[in-house]
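One structure is given below, encoded as structure tokens.
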Amino acid sequence: MQMPEPNPAILARKARIVERLRSVLPADAVIEDEMETRAYECDALTAYRCPPLAAVLPSSTEEVAAVLKLCHEEGVPVVPRGAGTSLAGGALPTADSVILGVARMNDVLEVDYADRIIRVQTGRTNLSVTGAVEEEDFFYAPDPSSQLACAIAGNIAMNSGGAHCLKYGVTTNNLLGVTMVQMDGTVVEIGGAHLDAGGLDLLGLICGSEGQLGVVTEATLRILRKPEGARPVLMGFDSNEVAGACVSDIIKAGVLPVAIEFMDRPCIRATEAFAKAGYPDCEALLIVEVEGSPAEIDEQLGLILQIARRHNPVELREAQSADEAARIWLGRKSAFGAMGNINDYMCLDGTIPVNELPYVLRRIGEMSKEFGLDVANVFHAGDGNMHPLILFNANQPGQLETCEAFGAEILKLCVEVGGCLTGEHGVGIEKRDLMVDQYDPVDLETQMAVKDVFDPAWLLNPAKVFPLAASDARRNVALAAE
Amino acid sequence: MRPESETELAEVIAGASAAFHIRGGGTRAIGVTTAAEVLETGGLSGISLYEPGALTLVAQAGTPLAEIEAALAAEGQRLAFEPMDHRGLLGTTGEPTIGGVVAGNVSGPRRVQGGAARDFMLGVRFVDGAGQVIKNGGRVMKNVTGYDLVKLMCGSWGTLGVLTEVSLKVLPVPETTACLLIDGLDEAAAQEVMSRALTSPFEVTGAAHAPGGPGEHPLTLLRLEGFAGSVAYRTGKLQEMFAERSVRVETDPQRVAALWRWVRDVEIMQGTGGDVWKFSVRPSEAPGLVAQLRAAHPVERVLYDWGGGLIWIECAPGTDLRPSGLKGHATLIRASEQTRLDLPVFQPEPPAVAALSAGIRARFDPRGMLNPGIMA
Chain A
12 MQMPEPNPAI LARKARIVER LRSVLPADAV IEDEMETRAY ECDALTAYRC PPLAAVLPSS
72 TEEVAAVLKL CHEEGVPVVP RGAGTSLAGG ALPTADSVIL GVARMNDVLE VDYADRIIRV
132 QTGRTNLSVT GAVEEEDFFY APDPSSQLAC AIAGNIAMNS GGAHCLKYGV TTNNLLGVTM
192 VQMDGTVVEI GGAHLDAGGL DLLGLICGSE GQLGVVTEAT LRILRKPEGA RPVLMGFDSN
252 EVAGACVSDI IKAGVLPVAI EFMDRPCIRA TEAFAKAGYP DCEALLIVEV EGSPAEIDEQ
312 LGLILQIARR HNPVELREAQ SADEAARIWL GRKSAFGAMG NINDYMCLDG TIPVNELPYV
372 LRRIGEMSKE FGLDVANVFH AGDGNMHPLI LFNANQPGQL ETCEAFGAEI LKLCVEVGGC
432 LTGEHGVGIE KRDLMVDQYD PVDLETQMAV KDVFDPAWLL NPAKVFPLAA SDARRNVALA
492 AE
Chain B
89 MRPESETELA EVIAGASAAF HIRGGGTRAI GVTTAAEVLE TGGLSGISLY EPGALTLVAQ
149 AGTPLAEIEA ALAAEGQRLA FEPMDHRGLL GTTGEPTIGG VVAGNVSGPR RVQGGAARDF
209 MLGVRFVDGA GQVIKNGGRV MKNVTGYDLV KLMCGSWGTL GVLTEVSLKV LPVPETTACL
269 LIDGLDEAAA QEVMSRALTS PFEVTGAAHA PGGPGEHPLT LLRLEGFAGS VAYRTGKLQE
329 MFAERSVRVE TDPQRVAALW RWVRDVEIMQ GTGGDVWKFS VRPSEAPGLV AQLRAAHPVE
389 RVLYDWGGGL IWIECAPGTD LRPSGLKGHA TLIRASEQTR LDLPVFQPEP PAVAALSAGI
449 RARFDPRGML NPGIMA
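Structure (structure tokens):
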């Protein structure tokens with residue numbers, strides 16, 4: 012993955028830029044020491060690293076505005092950073108950029124249960140939003156796997172999802188308003204504590220724009236009352252096709268589970284060796300979870316189990332207690348950790364139409380042999396969001412490249428069957444160069460024209476989302492102006 | 089003009105020198121456009137893909153909504169965002185199209201719990217003001233590949249592009265439905281009841297209040313949907329919650345549907361002579377806002393939906409109901425053409441936001457060819 016060459020003129024002005032940053036921020040909020048900026052050299056896509064020119068940690072919307080205005084005047088690229096958990100390289104800096112971290116902005120500004128909203132500063136972690144309202148039995152629905160660490164700012168930038176979005180939707184469906192600072196320091200309020208507004212849906216446009224349109228400093232989020240209870244059921248099948256058909260039948264039957272998770276044999280074996288959750292040794296495993304009162308859960312699970320039995324499961328296990336429920340989820344929740352224990356791995360995130368599951372899994376199996384790298388599949392089956400994990404050895408020369416090439420082929424396959432490159436992780440740098448496989452030049456041009464409106468000089472997170480060749484002319488307008 | 093294909097539509101727009109008034113079914117007039125020539129989308133019609141097991145439907149934008157609803161009903165599914173039918177309220181005739189629903193982000197009472205039209209949009213194809221065919225999103229439920237122009241197109245009333253194809257998430261029709269009816273509440277008490285219901289764990293999918301009711305007296309409505317046992321259970325729970333009130337329960341599916349159609353299509357203001365405004369506000373502030381508007385203007389009828397988050401208000405023709413400093417949005421839905429020219433139809437945006445909207449318009453439709461003036 013290539014990144015643009017840093018602008019030497021900016022590198023040469025480092026001292027002046029840092030001095031100006033210090034003039035608008037407290038002393039401890041500007042990091043420029045070469046050892047300390049290392050902490051910001053990468054996000055969770057650790058294969059790519061580059062320390063930034065400097066990192067700043069503002070504490071308020073006003074400080075963010077001052078930083079952006081100054082960087083805009085200086086022509087310095089800014090890379091916004093939430094908690095740095097992006098798997099797509101969304102927060103990867105360049106040597107000539109300033110990292111703007113929102114980690115110090117983590118206050119709850121308002122909670123209103125009657126109106127079912129919470130307003131937070133966006134450095135707050137996803138799980139701690141729920142933490143702020145759970146004593147009243149409320150929760151914030153989007154639940155990315157990294158929810159303990161990831162920040163709302165990054166959730167908004169990537170339009171993050173999670174295991175339970177089959178029922179509750181992703182970030183964009185739970186975001187009501189934002190305070191956003193534009194690259195020139197202008198502060199805008201979009202949306203609020205009310206539902207849909209007239210006018211163009213700028214809120215929908217900002218959510219998922221990967222920090223390229225502005226820095227969101229505050230967010231109004233929809234909170235929901237917790238259901239009375241939830242219960243998972245585990246099902247094992249002797250083929251991916253049958254498991255896929257079972258998912259489709261459950262959906263068609265009118266049940267709307269909160270989650271339908273799928274694991275294939277390589278994944279089951281790896282997690283079983285690691286977490287010992289007691290999973291059956293079979294080709295495909297589903298975890299289906301429903302919510303409600305005990306009687307409502309019985310009613311839904313009754314129907315689901317009836318459907319599952321028609322597909323001759325090798326195992327059907329309904330949780331009878333909280334402990335059994337936890338054991339059913341244990342393997343799924345430790346799947347990534349289990350993989351990390353065996354090997355280096357690359358986690359993909361394509362989405363496919365649900366009915367294409369068996370074909371896509373078969374093709375991935377064939378490609379695995381061609382590339383000589385193992386793959387384990389774990390994913391949100393209800394909505395077709397796949398997370399193939401490609402195992403490789405980073406210490407063996409050439410394997411990272413082979414793994415990336417294999418990953419690219421899987422994502423192209425997702426697009427080919429009517430799906431997309433990324434369901435919830437974002438494009439970042441990771442899928443940037445594959446955008447041409449999903450979109451025609453005119454489609455990308457239209458998206459880039461939106462960035463032109465919000466950030467005409469292309470200073471905010473400029474080397475992401477779009478192939479470098481496609482965005483080159485725009486990014487270099489800023490350079491030419493030097 | 090009535091192009092019969094996306095290609096033809098693109099050629100028409102690319103080659104045109106005067107602006108178009110884009111029309112799907114012509115049932116949802118909003119602002120007033122300066123464009124003289126009508127460009128109809130009815131020639132782009134038909135369901136191109138429907139996968140009930142994947143909860144996905146793709147259709148040409150000019151497809152009649154009724155055709156889509158019939159196809160879904162045959163599989164026991166529906167558009168869960170419950171798009172309003174504007175014909176009764178606006179006195180229009182014609183056949184609503186799916187493109188019109190999307191262009192207007194038209195939702196119904198279930199929006200408060202299940203989401204708006206924009207929340208069910210998976211993908212779009214459209215022709216921009218330069219005549220280019222653009223696609224965004226796709227037909228899968230989770231998609232964060234590039235910017236979300238799907239949301240941007242939804243609710244842009246044809247001003248950024250002419251929709252040619254839309255892809256939607258659909259949902260199963262629940263087995264059972266029930267409606268709790270509470271008589272005689274004043275507006276503050278009704279707002280509190282709706283809020284308590286919506287903050288309960290019982291998944292209320294509709295919460296509305298009509299101060300003037302269907303028959304002169306106030307009526308509050310709460311809707312439950314789902315499997316039979318579950319609906320019965322939750323009905324009982326809500327009755328317990330509101331034990332101090334006299335609660336009636338309607339379980340006849342046809343009567344429940346009729347009640348919610350009455351709310352959805354604002355039947356209380358159909359065929360009456362006043363202007364109709366729609367306010368999107370913070371629910372708890374709704375009764376106070378209505379009291380303030382009543383004190384200042386001749387307000388004739390009021391209907392609260394979305395637990396108070398949506399207020400329909402009918403007032404004397406030509407009244408500028410929009411208060412200064414409104415926290416929320418007021419949209420003028422029904423008024424004479426002159427009033428819609430005199431008063432902003434959409435909530436005026438703060439200058440920095442307006443500059444962003446104008447910038448987007450200038451790039452999607454640089455020549456001002458598509459519904460110019462309609463969202464001004």
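As they're listed, the protein sequences go chains A and B.
First residue of the first sequence? That's 12 in this note's numbering, and the numbers climb one at a time after it.
First residue of the second sequence? That's 89 in this note's numbering, and the numbers climb one at a time after it.
Cβ atoms here follow ideal geometry from the backbone N, Cα and C, with glycine treated the same way.
With DSSP collapsed to three states, give me the class of residue 237 (chain A). Here the question's residue 237 (chain A) lines up with position 226 in the first sequence. Three-state result, residue 237 (chain A): coil.
Over the uninterrupted alpha helix (DSSP H) stretch that includes residue 344 (chain A), give me the two end residues. Sequence index remark: in the first sequence, residue 344 (chain A) carries index 333 (1-based). It spans 333-344 - the alpha helix (DSSP H) in which residue 344 (chain A) sits, taken as one unbroken run.
Let me check one thing: in DSSP terms, what residues is residue 469 (chain A) bridge-paired to? Here residue 469 (chain A) is taken as the residue at index 458 of the first sequence, counted from 1. Answer is none; residue 469 (chain A) lacks a bridge partner.
In whole angstroms, give me the CA-to-CA distance for residue 385 (chain B) and residue 403 (chain B). Stepping through the second sequence from its first residue, residue 385 (chain B) is reached at position 297. Stepping through the second sequence from its first residue, residue 403 (chain B) is reached at position 315. Computed Cα separation, rounded: 8 Å.
Straight-line gap, residue 103 (chain B) to residue 350 (chain B) (C-alpha atoms, nearest Å): Counting from 1 along the second sequence, the entry for residue 103 (chain B) is found at position 15. Counting from 1 along the second sequence, the entry for residue 350 (chain B) is found at position 262. Whole-angstrom Cα-Cα distance: 44 Å.
Could you tell me whether any Cβ in chain A is nearer than 8 Å to the Cβ of residue 417 (chain B)? Numbered from 1 along the second sequence, position 329 holds the residue referred to as residue 417 (chain B). Yes, because at least one Cβ of chain A sits closer than 8 Å to the Cβ of residue 417 (chain B).
Nearest CA to the CA of residue 437 (chain A): which residue from A:17, A:181, A:51? Taking the first sequence and counting its residues from 1, one reaches residue 437 (chain A) at position 426. With distances taken between Cα atoms, residue 437 (chain A) lies closest to A:181.
From A:256, A:321, A:487, residue whose alpha carbon lies closest to that of residue 142 (chain B): If you number the second sequence from 1, residue 142 (chain B) lands on position 54. Ranking the options by Cα distance to residue 142 (chain B), first place goes to A:256.
Complete beta strand (DSSP E) runs within the region 127-169 of chain B (minimum length 3 residues, chain order): 135-139, 144-148
Just the chain A side, please: which residues come within less than 8 Å of residue 142 (chain B) by C-beta, in chain order? Residue numbering aside, residue 142 (chain B) sits at position 54 when the second sequence is read from its first letter. Neighbours of residue 142 (chain B) on chain A, chain order: 259, 262, 364, 365, 366, 395.
Report buried or exposed for residue 109 (chain A), applying the criterion of at least 16 other Cβ atoms within 10 angstroms of its Cβ. Numbered from its first residue, the first sequence carries residue 109 (chain A) at position 98. Classification of residue 109 (chain A): buried, given that the 10 Å Cβ count is 16 or more.
Extent of the continuous alpha helix (DSSP H) to which residue 342 (chain B) belongs: Along the second sequence, read from residue 1 onward, the residue named residue 342 (chain B) stands at position 254. Taken as a continuous stretch (DSSP letters only), the alpha helix (DSSP H) holding residue 342 (chain B) covers 341-352.
DSSP on residue 394 (chain B), reduced to helix/strand/coil? Translated into the one-based positions of the second sequence, residue 394 (chain B) becomes position 306. Here residue 394 (chain B) sits in helix by DSSP.
Just the C-alpha distance for residue 324 (chain A) and residue 231 (chain B), rounded to the nearest angstrom, thanks. One-based indexing of the first sequence puts residue 324 (chain A) at position 313. One-based indexing of the second sequence puts residue 231 (chain B) at position 143. So the two alpha carbons sit approximately 31 Å from each other.
Kindly indicate the opening and closing residues of the beta strand (DSSP E) around residue 468 (chain B). The structure shown does not extend to residue 468 (chain B), since chain B is modelled only from 89 to 464, so the question has no answer here.
Cβ closer than 8 Å: which chain A residues qualify as neighbours of residue 237 (chain B)? Here residue 237 (chain B) is taken as the residue at index 149 of the second sequence, counted from 1. Residues of chain A passing the Cβ test: 216, 457, 458, 461.
Step through the CB atoms of chain A and report whether any lies within less than 8 Å of the CB of residue 233 (chain B). If you number the second sequence from 1, residue 233 (chain B) lands on position 145. Residue 233 (chain B) counts as touching chain A.
Exposed or buried, what is residue 341 (chain B) when buried is set at 16 or more other beta-carbons lying within 10 Å of its beta-carbon? To locate residue 341 (chain B), count along the second sequence from 1; it is residue 253. Exposed, since its Cβ has fewer than 16 Cβ neighbours within 10 Å.
Which runs of the alpha helix (DSSP H) fall wholly inside the region 357-428 of chain B and span at least 4 residues, in chain order? 374-384
Per-residue DSSP class, three states only, for residue 106 (chain A): Here residue 106 (chain A) refers to the residue found at position 95 when the first sequence is read from its first residue. Residue 106 (chain A) falls in the coil class under three-state DSSP.
With C-beta atoms as the reference, is residue 398 (chain B) less than 8 Å away from residue 368 (chain B)? Here residue 398 (chain B) refers to the residue found at position 310 when the second sequence is read from its first residue. Here residue 368 (chain B) refers to the residue found at position 280 when the second sequence is read from its first residue. Closer than 8 Å, so yes.
Cutting at 7 Å between CB atoms, please list the residues of its own chain near residue 445 (chain B), excluding the five before and the five after it. Position 357 of the second sequence, counting from 1, holds the residue named residue 445 (chain B). These residues qualify, in order along the chain: 437.
Going along the chain, which unbroken runs of the alpha helix (DSSP H) with 4 or more residues stay wholly within the region 186-269 of chain A? 213-217, 251-263
Let me know the secondary structure DSSP gives residue 386 (chain A) once reduced to three states. What you label residue 386 (chain A) is simply residue 375 of the first sequence in a count that begins at 1. Three-state DSSP puts residue 386 (chain A) in a strand.
In terms of residue numbering, what span does the alpha helix (DSSP H) encompassing residue 321 (chain B) cover? Position 233 of the second sequence, counted from the start, is the residue given in the question as residue 321 (chain B). Segment 316-329, the alpha helix (DSSP H) holding residue 321 (chain B).
Would you say residue 222 (chain B) faces chain A, with C-beta separation under 8 Å as the test? Translated into positions along the second sequence, residue 222 (chain B) becomes position 134. For residue 222 (chain B), the answer is yes, since a Cβ of chain A falls inside 8 Å of its Cβ.
If you follow the alpha helix (DSSP H) that residue 446 (chain A) is part of, which residue opens it and which one closes it? For this step, residue 446 (chain A) is matched to residue 435 along the first sequence. From DSSP, the alpha helix (DSSP H) with residue 446 (chain A) extends over 446-449.
Secondary structure of residue 493 (chain A), DSSP reduced to three states: Your numbering for residue 493 (chain A) matches position 482 in the first sequence. Confidence in residue 493 (chain A) is poor, its pLDDT being 49 and thus under 50, which makes the residue's placement too unreliable to answer from.
Three or more C-beta pairs closer than 8 Å, one from the region 126-138 of chain A and one from the region 206-213 of chain A: is that the case here? no
Here's the rule: buried if 16 or more other CB atoms are within 10 angstroms of the residue's CB, otherwise exposed. What is residue 398 (chain A)? Here the question's residue 398 (chain A) lines up with position 387 in the first sequence. Residue 398 (chain A) should be labelled buried.
Could you say which of A:106, A:401, A:147 lies nearest to residue 380 (chain A) if we only look at CA atoms? One-based indexing of the first sequence puts residue 380 (chain A) at position 369. Looking at the Cα atoms, A:401 is the closest of the given residues.
Quick one: list the residues of chain A neighbouring residue 240 (chain B), beta-carbon separation under 9 Å, in chain order. The residue you call residue 240 (chain B) lines up with position 152 of the second sequence. Per Cβ cutoff of 9 Å: 211, 212, 213, 215, 216, 461.
For residue 188 (chain B), which three-state DSSP category applies? Translated into positions along the second sequence, residue 188 (chain B) becomes position 100. It is helical.
Interface flag, residue 493 (chain A) vs chain B, CB-CB below 8 Å: Against the first sequence, residue 493 (chain A) aligns to sequence position 482. The predicted position of residue 493 (chain A) is uncertain, since its pLDDT is 49 and thus under 50; a value taken from the coordinates is nonetheless stated next. Not closer than 8 Å to any Cβ of chain B, the Cβ of residue 493 (chain A) fails to qualify, so no.
Given 8 Å as the limit, is there contact between the region 105-121 of chain B and the region 190-204 of chain B, that is, 3 or more CB pairs closer than that? yes
Nearest chain B C-beta to residue 449 (chain A) closer than 8 Å, yes or no? The count along the first sequence starts at 1 and reaches residue 449 (chain A) at position 438. Taking Cβ atoms only, chain B reaches closer than 8 Å to residue 449 (chain A), which makes this a yes.
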